[in-house]
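Below: one structure, written as structure tokens.
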Amino acid sequence: MRMESMKKRRILVLLALAAMAGSLSERASGGSIRKKAWRTVRRVNEEGPYLGLVVPNSFELNPLLQSSNFVNSPRLPFLDLAGRRFRFGTVGKEKVIVVMTGLSMLNAGLSTQLLLTLFDVKGVVHFGIAGNANSDLQIGDVTIPRRWAHTGLWNWQRYGDGPNDELALEATGDYTRRIGYLNFSDYDAIKEGNLLNSVWYQPEEIFPVDGIPEVRQHAFWVSVNMNYYALSRNLEGLKLPQCINSTCLRRRAKVLRVENGCSANAFVDNAGYRQFLRNKFDVTPIDMESAAVALVCRQVRVPFIAFRALSDLAGGGSSESNEAAVFSSLAAQNAVDVVIEFINLLH
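Here the sequence shown stands for residues -30 to -1, 1 to 317, where the numbers follow mature numbering (1 follows the signal peptide of the UniProt record, and there is no 0).
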């Protein structure tokens, strides 16, 4: 069933590409993607399918590019399209396409959509660093969440309304109180005069490729691919480094499968909000991209998994122990090491 589903998806993608290529052929001089690039894309896809590797930033990407495990394609090392660079190569026996998204949910979603629309991709592996909301873990640990949520889509309630008051546009089905809320006054030291009231978390609207166009579905939690997740169990005993330069962690870093991760367009360096996210959603890694990648993969029915190495305590430690600048390079390297091991498990 899975192979049949993937074949159907590839046919849909190829039909879309053919239609797009046809419409672009008449305006190749002014279109954002030239005819020559489309020919290159078609040649690349003839050698597919590929595993897509999606990474947020250059300091998270560079350890992969510098690794002896990543071998550039000698015929076509990369292709620049729509402001993104798609790198081609292999990791072990797996043919891969690597794309750097840039910071934030918007960039991550756009880059993933481009990757999956242009190229014949059989699965997506996302990796990078993240803040840590779980006090049982430490900086340097690499987490593999079972599911992801976008916690940045809010309905901000007006001052004076409470949990039992209907939200704006809730009656039309645009918003819901099902997921829950954060009340800012719970974190007000004075406990009076707080005009911020509450924000209610909302699911994303999604439009799956096998759904009816313009008929929305909703998703708050997006699970990773269960086959990928089961395979990742084999990584939990992997040995990772304990020190970077002269700075050492209290123990050697670990690889752990965890229940939940979350993403939003906010760098969380606040103990109160960190603890709220942990208590409310039972999350461990907090980042700015993974849920966007997950949502796109969910819509186009492509298997997905994310690896996030913990680089800071998201506001949960002292200034001495919460230096993302100190540990980000160690965390980034750990994430890449784990991803390479995972890819090798696919064969």
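Virtual Cβ for every residue (Gly too), placed ideally from N, Cα, C.
Asked, Found
"Determine the burial state of residue 258: buried for a count of at least 16 other Cβ atoms within 10 Å of its Cβ, exposed for fewer.", "buried"
"Which residue wins for smallest C-alpha separation from residue 152, given the options 171, 314, 29, 228?", "171"
"Locate the alpha helix (DSSP H) running through residue 139, then write down its first and last residues.", "From DSSP, residue 139 is part of no alpha helix (DSSP H); its letter is neither H nor E."
"Going by DSSP, name the residue or residues bridged to residue 65.", "60"
"In terms of residues, what are the limits of the beta strand (DSSP E) holding residue 92?", "91 to 102"
"Just grab the DSSP bridge partners of residue 124 for me.", "171"
"Can you list, in chain order, the residues of its chain with a C-beta nearer than 6 Å to that of residue 234? Leave out the 5 residues immediately preceding and following it.", "121, 122"
"Cα-Cα, which of 111, 55, 69 is closest to residue 255?", "111"
"My assumption, with CB atoms under 8 Å, is that residue 206 sits in contact with residue 225. Please give the rounded CB distance.", "5 Å"
"Just how far apart, CA to CA, sit residue 91 and residue 21?", "6 Å"
"Under the three-state reduction of DSSP, which class applies to residue 220: helix, strand or coil?", "coil"
"Cα separation between residue -12 and residue 75?", "Reliability fails at residue -12, whose pLDDT of 44 lies under 50, so the model's placement of it is uncertain and no value is given."
"Could you tell me the alpha carbon to alpha carbon distance between residue 8 and residue 131, rounded to whole angstroms?", "54 Å"
"Give the secondary structure of residue 16 by DSSP, where H, G and I count as helix, E and B as strand, and everything else as coil.", "helix"
"Since residue 40 is in the beta strand (DSSP E), which residue starts that stretch and which ends it?", "40 to 42"
"Starting from residue 270, trace the alpha helix (DSSP H) in both directions and tell me its first and last residue.", "260 to 270"
"Tell me, to the nearest whole angstrom, how far the beta carbon of residue 282 is from that of residue 72; I am working on the premise that it is less than 8 Å.", "Rounded, the Cβ-Cβ distance is 20 Å, inconsistent with contact."
"If I measure Cβ to Cβ from residue 241 and keep anything under 6 Å in the same chain, skipping five residues before and after, which residues do I get?", "285, 286"
"So, with DSSP's three-state summary, where would you put residue -2?", "The predicted position of residue -2 is uncertain, since its pLDDT is 41 and thus under 50; a value taken from the coordinates is nonetheless stated next. Three-state DSSP puts residue -2 in coil, outside helix and strand."
"Measure the C-alpha to C-alpha separation of residue 310 and residue 39 and round it to an integer number of angstroms.", "7 Å"
"Check whether the stretch 297 to 313 and the stretch 33 to 49 are in contact - that is, three or more C-beta pairs closer than 8 Å.", "yes"
"Have a look at residue 47 and residue 59 and give me their C-alpha separation to the nearest angstrom.", "7 Å"
"Determine the direct distance from the alpha carbon of residue 158 to that of residue 129, and round the result to whole angstroms.", "15 Å"
"Tell me whether the beta-carbon of residue 273 lies closer than 7 Å to the beta-carbon of residue 98.", "no"
"Suppose the cutoff is 6 Å on Cβ atoms and the five residues either side in sequence are ignored; what does the same chain contact list for residue 298 look like?", "99, 281"
"Quick one: what does DSSP say residue 311 is sitting in, helix, strand or coil?", "helix"
"One question on the structure: do residue 192 and residue 270 come within less than 7 Å of each other, judged by their Cβ atoms?", "no"
"Using only alpha-carbon positions, find the residue among 106, 5, 23, 133 that is nearest to residue 220.", "106"
"Please go through the same chain and pick out, in chain order, the residues whose beta-carbon is closer than 6 Å to the beta-carbon of residue 314, but skip the five residues on each side of it.", "62"
"I need the straight-line Cα distance from residue 246 to residue 42, nearest angstrom please.", "43 Å"
"Where does residue 234 sit, in a helix, a strand or coil, going by DSSP?", "coil"
"Can you list, in chain order, the residues of its chain with a C-beta nearer than 8 Å to that of residue 17? Leave out the 5 residues immediately preceding and following it.", "65"
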